[in-house]
Amino acid sequence: MTCFVTVGTTLFEDLINEVLSDQCLTELRKLGIHKLKIQIGHGNFNDAVKQKFFNNTQLDEGNSKHDDIEIEYFRFLPNLNDNMKEAMIIIGHAGAGTCLEVLRLNKPFIVVINEKLMDNHQAELAMKLSEGLHLLHCTPTSLSSTISNPCLFALIPFEPISQKRVATFIDQRMGIVRN
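Counting from 185, one number per residue, gives the positions in the sequence shown under this note's numbering.
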C-alpha cells in the first residue's frame, strides 16, 4: 500500500523531512505502507535525510528503500490526481486546492499545517474541515502521532455544497427574487 505526500508548489521542508523520520516510518509501516511517494515542490531534504536515504545527494527526483518501505520523490508533475487515487493515505499541506481534491477522493487524509507561514489562513481551513471529521490535522512535530490516530480510518466523507443552494443564497442576499 502507498502513502502519498504532497506540498504543492509551496516550500515545506519541515514536512518532507519529518515524514522520513524514524517515528513516522514506523507508524506508516504499522499501517501496512510499503511505498512512500513524496512530492517535494521547491523543498530540499536536510543533510541527515540525504545521508540516510539518498547517498548525500538530491536531484529533482529519486528513490531509495528503507527497511521494507520504498521511497520515491519528485518535485512536480502536471497532475497529482493519479498519485492520490493510488494512495491508501494522503498527507499534505493545507492548501485549499489540495484539500478539496483529496476530500473528493474520500481517502484518509492528514493535513500538516505549515507554522512558518504568516497570516496562516490554511490553518483555519484545516481546523474547520477537521471539526467536521473530514480530515485530521497536525503540525510537522506531531505527524507521527497523527498517523497512528485510529480516527484516520473513520473520517466522514465530505459532501460539497450544492451550487444551486449557493446561487440561491447569493441571490437572496442581493435582493434578487426568482420564481
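Just so you know, even glycine gets a beta-carbon here, dropped at the ideal spot from N, CA and C. These figures come from a predicted structure and were not determined experimentally.
In this structure, V189 and G279 do not form a Cβ contact; the two beta carbons are roughly 13 Å apart against a cut-off of 8 Å. In the DSSP secondary-structure assignment, H218 is not bridged to any residue. Checking the DSSP bridge columns, you'll see I273 partnered with C187.
Inter-segment contact for the segment 321–333 and the segment 205–212 is present: three or more beta-carbon pairs are separated by less than 8 Å.
The Cβ-Cβ distance between H218 and M185 falls below 8 Å. In the structure shown, the three-state DSSP call for G281 is helix. When secondary structure is reduced to three states using DSSP, N267 falls in the helix class.
Closest in C-alpha terms to F258, from the list F229, V296, H250 and C283, comes F229. A buried status is given to E202, since no fewer than 16 other beta-carbon atoms sit within 10 Å of its beta-carbon. Leaving aside the five residues that flank L317 on each side, the residues in its chain whose CB is nearer than 7 Å to its CB run, in chain order, L339 and I340.
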